[in-house]
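Chemist:
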Amino acid sequence: MTARILGGKIIADSIKSEVAEDIKSLAALHGIKPGLTVVRVGEDPASSVYVGNKVKTSAELGINSEHVHLDADVSQSELLATVDGLNARDDVDGILVQLPLPPQIDASAVLERIDPQKDVDGFHPVNVGRLSLGERSLVPCTPAGVIEILKRSDIAIAGKHAVIVGRSNIVGKPMAMLLLNENATVTICHSRTADLPSITKQADILVAAIGRAGFIRAEHIGEGATVVDVGINNVSDTDFAAELFAPEEMEKRLKAIENRGFTLVGDVNPKEAMERAANFTPVPGGVGLLTVAMLMKNTVEAANMRRNL
Ligand code: GUN
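Numbering (our numbering), first residue to last: -8 to 300.
1. By the DSSP assignment, the beta strand (DSSP E) with Asn224 in it spans what residues?
2. Do Val154 and Gly205 have their CB atoms nearer than 8 Å?
3. May I have all residues whose beta carbon comes closer than 6 Å to any heavy atom of the ligand GUN, sorted in chain order?
4. Could you tell me whether the stretch 259 to 269 touches the stretch 101 to 113, where touching means 3 or more Cβ pairs closer than 8 Å?
5. Could you tell me the distance, in whole angstroms, from the CA atom of Glu240 to the CA atom of Ala233?
6. Using the C-alpha atoms, what's the distance from Asn118 back to Ala135?
7. Considering only residues of the stretch 137 to 200, which uninterrupted beta strand (DSSP E) runs meet the minimum length of 3 residues and lie entirely inside it, listed in chain order?
8. Suppose you measure from the CA of Gly(-2) to the CA of Asp64; what does that come to, to the nearest Å?
9. Within this structure, are the beta carbons of Leu27 and Thr290 separated by less than 8 Å?
10. Arg297 to Asp13, Cα distance in whole Å?
11. Let me know if Ile1 comes out buried or exposed under the rule of 16 or more other beta-carbons within 10 Å of its beta-carbon.
12. Alpha carbon to alpha carbon, how far is Ile81 from Val42?
13. For Gly215, I'd like the list of residues in its chain whose CB is within less than 6 Å of its CB, leaving aside the five on either flank, ordered along the chain.
14. Going by DSSP, what residues sit across from Ser39 in a beta bridge?
15. When you compare only the Cα positions, how much space is there between Val219 and Gly276?
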């Protein structure tokens, strides 16, 4: 079997055009232009790329976006004061504080300071609680994007066994809640799970969000499963890359390693997943492309909810 590739681009583009339409109607009917502020602290190179994408996509869709960049040595109280200022501004509908934050900052305290109505990351305890109660809320972008890929690729969720590997607050836990809300039977596995392959093999839908390059292999995947790869890892070792990619793909990957020093690899071994799964989301080009689209959707949702629309 060779898996069907579930590409993220077409789906992300559809969501973005739907969001652009919603933004036009908000302007026409209510005179509103949604606003998103992204706060970045320090010089994490990956964060800089992610924030750049968020700001650029906002502009393309008609969202007023703003990038607040603070020094790496900013104090906790200065960062909290920045959040307070954004909470108080009527032109700001969405606030996103890019993670990771430097060690002197208590990230939970910062995330809890964001007005839950403006929490477009869906990380505030109020939104986490609402999601687990099945109420309308702002939902974390990456797992929300996974649901969109599954639904828009006509992959049934209700009644299926969804197994999530990884229990982070950003992906694993909200992913479990979203799949449960879609009536899947949900299992969450993690680093302490005994005999992981025996559980992951049962999955109709297997979501890998562990943060270890190529960790999920053939032995973890049941024949005909849908495998969703949420991982983003940098691989620079060419011998390891050769274990992950078929020869034609390997050529591209070697070029990337030569040019940039690394190639992007998910948490799943793509060569082995392609042989066993029925559906597979690639890295890059899969789930990652949905995250920004879902952030845009959340910003419009926040603008609506704040005005009871
Ligand atoms: N860093 C990596 N992923 C995310 C995310 O989804 N939200 C925020 N705020 N920071 C991140």
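We treat Cβ as the ideally placed atom computed from N, Cα and C, and that holds for glycine.
Modeler: Well, looking at it:
1. That run of the beta strand (DSSP E) goes Asn224 to Val226.
2. Contact flag unset, no.
3. Spelled out in chain order, the answer is Leu87, Val88, Gln89, Leu90, Asp112, Cys132, Thr133 and Ile161.
4. The answer is no - the stretch 101 to 113 does not touch the stretch 259 to 269, with fewer than three Cβ pairs under 8 Å.
5. Separation of Glu240 and Ala233 (C-alpha to C-alpha, rounded to the nearest whole angstrom) is 10 Å.
6. Roughly 13 Å separates the two Cα atoms.
7. Those beta strand (DSSP E) runs which fall completely within the stretch 137 to 200 and span 3+ residues are 152 to 156, 176 to 180 and 196 to 199.
8. For Gly(-2) and Asp64, the distance between alpha carbons rounds to 39 Å.
9. Yes, the Cβ-Cβ distance between Leu27 and Thr290 is below 8 Å.
10. In a straight line, the C-alpha of Arg297 is about 15 Å away from that of Asp13.
11. It is exposed - the Cβ of Ile1 has fewer than 16 other Cβ atoms within 10 Å.
12. The residue you asked about is not Ile; residue 81 is Asp in the sequence shown. Here the alpha carbon of Asp81 sits roughly 22 Å from the alpha carbon of Val42.
13. Shown here for Gly215: same chain residues with a beta carbon closer than 6 Å to its own, the five before and five after excluded, namely Ala269 in chain order.
14. Listed as beta-bridge partners of Ser39 by DSSP are no residues whatsoever.
15. Rounded to the nearest angstrom, the two C-alpha atoms are 12 Å apart.
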